[in-house]
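Sequence order for the protein chains is W and C.
By the working numbering, the letter at position 129 of the first sequence is numbered 129, and the numbering carries on one by one without gaps.
The working numbering runs 640 ahead of the 1-based position in the second sequence.
Just so you know, even glycine gets a beta-carbon here, dropped at the ideal spot from N, CA and C.
The structure displayed is predicted, hence computed values, not measured ones.
First up is the structure itself, then whatever we jot down about it.
Protein chains: 2
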Amino acid sequence: MKRYLKTISSDEALRLIMERIEPGLQEESLPVHACLGRVTSKPVYANVSNPPFLCSAMDGFAVLYDETLGADLSDPLVLTRDSDAFGVNTGDILPQGTDAVIMVEDAEVSGDSITIRKPAYLWQNTRMVGEDVIEKDMLLPVNHMITSFDIGMIISAGITGITVRRRPKVLIIPTGKELIDIFKDTQANLAAGLIDFNSYTLRSLSAESGCGPVISNIITTRDDLSETVKSGSTEYDLILINAGSSAGTEDFTESVINDIGEVIFHGISMMPGKPLLFGIVGGTPVFGIPGYPVSAVLTFMRFVRPVCERFLRIKFFTRTAPCTTAYKIPSRIGIEEIIRVNLISNRGRYFAIPLPRGASAFSSMARADGLIRIPEHKEGLTEGEEVLCELLRDEAEIKGCIHIIGSHDLSLDVARDIVKGRHPDMDLISTHTGSLSGILAVRSGVAGFATTHVLDDDGITYNVPVVKKYLADVPLKLIHIAKRQQGILVRRGNPLSIRGIADLARSGVRFVNRQFGSGTRILFDHLLDAEQLEKQAITGYDREESSHTAVGILIRESIADAGIGIYSVARAFSLDFIPLAEEDYDLIVTGDVINDVRYSILMDTIMSGEFSRRLENMGGYNTSATGMVKYGTGLEDKNF
Amino acid sequence: MKRYLKTISSDEALRLIMERIEPGLQEESLPVHACLGRVTSKPVYANVSNPPFLCSAMDGFAVLYDETLGADLSDPLVLTRDSDAFGVNTGDILPQGTDAVIMVEDAEVSGDSITIRKPAYLWQNTRMVGEDVIEKDMLLPVNHMITSFDIGMIISAGITGITVRRRPKVLIIPTGKELIDIFKDTQANLAAGLIDFNSYTLRSLSAESGCGPVISNIITTRDDLSETVKSGSTEYDLILINAGSSAGTEDFTESVINDIGEVIFHGISMMPGKPLLFGIVGGTPVFGIPGYPVSAVLTFMRFVRPVCERFLRIKFFTRTAPCTTAYKIPSRIGIEEIIRVNLISNRGRYFAIPLPRGASAFSSMARADGLIRIPEHKEGLTEGEEVLCELLRDEAEIKGCIHIIGSHDLSLDVARDIVKGRHPDMDLISTHTGSLSGILAVRSGVAGFATTHVLDDDGITYNVPVVKKYLADVPLKLIHIAKRQQGILVRRGNPLSIRGIADLARSGVRFVNRQFGSGTRILFDHLLDAEQLEKQAITGYDREESSHTAVGILIRESIADAGIGIYSVARAFSLDFIPLAEEDYDLIVTGDVINDVRYSILMDTIMSGEFSRRLENMGGYNTSATGMVKYGTGLEDKNF
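And the structure:
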């Protein structure tokens, strides 16, 4: 693979970028009510006071205080309605020529005669002009992002329009012959290209960063790119080219920018994000955004968003929280790494579970709770290290999340859908590390919830022996979720006529395996032993996938010919299924979470008729004992 | 004042409301890229896998692994380009009929001949179908608010449109003869009515809560209200009537709802917010929102927003932080009070400074950092009490705020504008409690910054004696901001011919005073003593305002005739000015903040040419010694 001649650190890159950005944009005038989230380009001063008049602070009668002097208990004064006493409600403007209010309780009213027995004093029971806002007061300074309350306050001061910073205009240019825009080209053959989703993610992120983004047509030639950037530079404040800044044969962003402008740098020592390019064309900043989707959004967040902030003269605050790494996270010295993580809230702290690290694993961005930065000079993070996490979600959301580690099953999706349907402020996330890994996460105190299906050496018993062996000291319950069918998945019609485990070793059969430590792998190895088959005889034994569905899709797509998986996946992908075993899919719940609302909501879900019904409908499940506690260490359980 | 027959607690009110709200709205179909912030009405499942094909994970040559078996160091195999070896870049789809990739480094290329010296294995250097997203995977559950990352992920799975919850339609009905809509009635005489800003605040809050709000025409009669609510109930999901739910003579919301629907409750034991009304008309929930602007937004936040959440099936998370009350905050038993506060970040904690409590003091909503709730059963909060604050701003924003307590001066607005102009992530807030109160806040450790202008008993020296007296034990610096002119403010042309202090005691002169503890009040009392004048001889001596501008506007509006204030205010309001004294307006900075970035930014601001220039332009300031340290206790000062 070609390397960049020179890469620079992310800090240095940011410095070089900011050096070239002119702060502040032109302004535009807008009606105040359209200014939510916009930024003041100059201070806003009150036009009129609020209240603009002397107002009554009570229900009663407005009078001129001077005319009430002398009123006395023994010598009452009689005023006449609408002549020298005027009925007012709280908040009413005081009638011309009055300067005090007598409370209705202090007046004896009889027809139009109002009798008072003590004098009023100047400004009695009134609200002064400008009590809230005073004419000429500075309501908002420059560079202030406008809230709903600000909108009310500005209007209360008699202002209908203000000037705010114009939104930065961002041009997003997708490049690449293989790309398809499925919104513009609705008849596209999805088998003939790759869907461009980066442009839409970048557009949404730009809009969230206060910009007005536009996506150009997909550019496929060097000349078109040059033309689009050149004409864009006269109209837009910022240009994002995606991708073409890597080192492949069709990556011509660098040479184009060199021709029509100036390349400031190309290549940074940050991963994902290495191929980032930054240049200037006709005074307009141009980014060559890497093509891998995760690299694209991480470079946007780290380098493009600060440019938007500089244009608008604001700061988007990010929140951080300390967390503890649940596993060792290796990293190479000399390169800064950004790791997507899920955070498990357990034992009063957050445990960081790294998500898939590939720059193409984009769904992990949507799933991540936060980002951890491993600086250039560090050789990764050890297990149990305390680090700061940049949060992508609210802490309340993270704390309300039922996070299950361990074995994968489609029932977890069903449970998530039920939990979110009934409790919109909760969520259920599952990390598919395999059964044994889930058990180890329970043992180390990281996980409060884990799913497992581990066959004992006896070839009969599930889960209880392994829990007793590894988790003897952990207060926990083992709760039955469902029995499920495991078997061999093969293409519809079983073209290779696979009848059992022995056939998987036949030449020409491409098998795809599950990861080490998964219950399915343990079952498969057990079955191989039982039939005295060599692992090496099986083509594809070393290719590991981490979920049932990953195995299913490879068979459906004829990339592999066989794998081990659950019946519900065979049915979902219209595969044929050769049954091998019925196993217990169970849930471990620790004492740490057993009195937590997350536990009671999860149990309500598992025990619900809806859960059992939806599992039975998917096929391959037996829910007759769902919810049964199979083993427990006598925990205090307030919920059940 | 009329009382409600029955008031209920806010918790009971919320319970009664939620009982009547049908959860979940109809759904609508939208293009995925338009779904940022929208809520899924059903789970989203992947349409295609990502990647949808077997892809190359390296730059090199795609081959059929079977055809490479036998290649060996001593017996190399020669493949032919585009016949049995196909050039691929990283990420390319593997050509039909290939299943492995040989890295370019492992191939000897000579024209169309590609020589390899070891065999490939099945799926070598490939990315599997569905490595990121697998067809039929649940991408998002129901009731999920969609992020930018979600948008990318959904599009990557081949989906162009999804169904989301329709935005709740909210009808906002302003009522009241006195109201003016300054957007619709641009020629309105602002002296003849009150500006309706509540409707626009409620509209913005509704939009922020995920709704589609509409403001009706201003309603002035009972019949029109009845008609508008009745027809609105067939078209809208939620109706907010503002106001008319109080107990005044024109408050007919209750009787209208009783006629055409059902009143569920009227009156809650929460302040601000007491007159809240809730009812149902034709199945549609209707709120009678109180008219006082603070009551309107606080009842929206506490009662209407949860209804929006229930409609959309989401939760808007609020953040809280512990804080310490800087002052005693009294409250009546039997009523829940919501207190707006500013938070001062000092000594590693937040100190809560209560803002004006009146329900009409709306600008304090815009200024507040958070809300403190005093429950019904508590008789207020003591000074130094630890309470939870619901945050209205980001903590980073609060921590970056230079909060100055004490004496009011227009120079603080100038400083704020300069700070925000140069440092958009910082702010400067001033709380005008008066000089002595600022000094006490420094002594109690609440304030790190305070402004003061206190004349010593000697009638000559400013600030140093009072600082030595009250702050002997506090490490601090006293820094000179500016000299400024104090004098008597009178209307342009001086119609009452006021020449000096003695004239303020004349009959017919309406004086407006400054608050006890303010430097201006101390100066005034000193001058009264010097001229041997009785305080009680001065009409209006007991009416206190807490800023120079508040005094200025009352004189300009002919509500008062005279007051004591600074020259710059006289000039801003075109008043005449009778000079009395030149005084030192100074800044106290404590050791707690002296090594804080806020201190260095404030000092940069005060020392800047721009600050002096703008002060001199306002008139009445002398900046010849601005920035001079007048007194200090030998603090370690890293900044200067």
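Item                                                                                                                              : Value
Contact with chain C by glycine 406(W), beta-carbon distance below 9 angstroms                                                    : no
Identity of the residue in Glu531(W), Phe252(W), Met128(W) and Ser204(W) nearest threonine 175(W) by Cα                           : Phe252(W)
Backbone secondary structure at isoleucine 1100(C) - three-state DSSP                                                             : coil
Contact check, glycine 267(W) vs valine 281(W), beta carbons under 9 angstroms                                                    : no
Serine 29(W) versus glycine 677(C) - alpha carbon distance                                                                        : 27 angstroms
Supposed contact pair lysine 378(W) and serine 345(W) - C-beta distance, whole angstroms, cut 8 angstroms                         : About 26 angstroms separates the two Cβ atoms, so there is no contact after all.
CB contact check: leucine 779(C) to chain W, cutoff 9 angstroms                                                                   : yes
C-beta atoms of arginine 1154(C) and alanine 396(W) nearer than 9 angstroms                                                       : no
Where histidine 1120(C) falls: helix, strand or coil (DSSP)                                                                       : strand
CB contact check: histidine 906(C) to chain W, cutoff 9 angstroms                                                                 : no
Beta-carbon neighbours of lysine 955(C), restricted to chain W and to distances below 7 angstroms                                 : Pro424 and Asp425
Where the segment 664-676 of chain C meets chain W: residues whose CB sits under 8 angstroms from a CB there                      : Pro671, Val672, His673 and Leu676
Those residues which DSSP pairs with aspartate 584(W) across a bridge                                                             : Lys483(W)
Residue environment, lysine 758(C), which counts as buried when at least 16 other CB atoms sit within 10 Å                        : exposed
Neighbourhood of glutamate 977(C) by C-beta, 6 angstroms cutoff - its chain only, sequence neighbours within 5 removed            : Met911, Ser971 and Ile1014
Chain W within 9 angstroms of methionine 911(C), Cβ atoms only                                                                    : no
When Gly565(W), Phe511(W), Asp592(W) and Leu171(W) are compared against alanine 581(W), the one with the closest alpha-carbon     : Gly565(W)
Beta-carbon spacing of isoleucine 102(W), phenylalanine 149(W) below 9 angstroms                                                  : no
Cβ-based burial, arginine 367(W) [other Cβ within 10 Å; buried from 16]                                                           : buried
Contact with chain W by serine 1051(C), beta-carbon distance below 9 angstroms                                                    : no
Buried versus exposed call for valine 535(W) [16 or more other C-beta atoms within 10 Å across all chains shown]                  : A small correction: the amino acid at residue 535(W) is lysine; valine does not occupy that position in the sequence shown. Lysine 535(W) is exposed by the Cβ-count criterion.
Residue closest to histidine 464(W), alpha-carbon to alpha-carbon, out of Leu587(W), Gly445(W) and Gly552(W)                      : In the sequence as presented, histidine is not what sits at residue 464(W); that position holds valine. It is Leu587(W) whose Cα lies nearest to the Cα of valine 464(W).
Per DSSP, cross-strand counterpart(s) of isoleucine 439(W)                                                                        : None; isoleucine 439(W) has no bridge partner.
Serine 204(W) at chain D interface by Cβ criterion, 9 angstroms                                                                   : This model lacks chain D altogether, as its protein chains are W and C.
Length of the line joining the Cα atoms of threonine 220(W) and glycine 540(W)                                                    : 37 angstroms
Residue of Ile154(W), Pro475(W) and Arg203(W) minimising C-alpha distance to asparagine 47(W)                                     : Ile154(W)
Distance, lysine 1060(C) Cα to isoleucine 929(C) Cα                                                                               : 35 angstroms
DSSP three-state assignment for proline 1135(C), whether helix, strand or coil                                                    : coil
Own chain partners of glutamate 707(C) with C-beta closer than 7 angstroms, once the 5 adjacent residues on each side are dropped : Asp724
Chain C contact residues for histidine 403(W), given Cβ-Cβ distances below 7 angstroms                                            : The contacting residues do not exist; histidine 403(W) stays about 14 angstroms from chain C at best.
Asparagine 982(C) to cysteine 963(C) span [Cα, whole Å]                                                                           : 10 angstroms
Local conformation of asparagine 617(W) per DSSP, three classes                                                                   : helix
Proximity test, Cβ basis, 9 angstroms: isoleucine 182(W) and chain C                                                              : yes
Own chain partners of glutamate 652(C) with C-beta closer than 6 angstroms, once the 5 adjacent residues on each side are dropped : none
Residue closest to glycine 406(W), alpha-carbon to alpha-carbon, out of Gly384(W), His423(W), Ala441(W) and Val387(W)             : Ala441(W)
Neighbourhood of glutamate 135(W) by C-beta, 6 angstroms cutoff - its chain only, sequence neighbours within 5 removed            : Ala46, Val48 and Ser49
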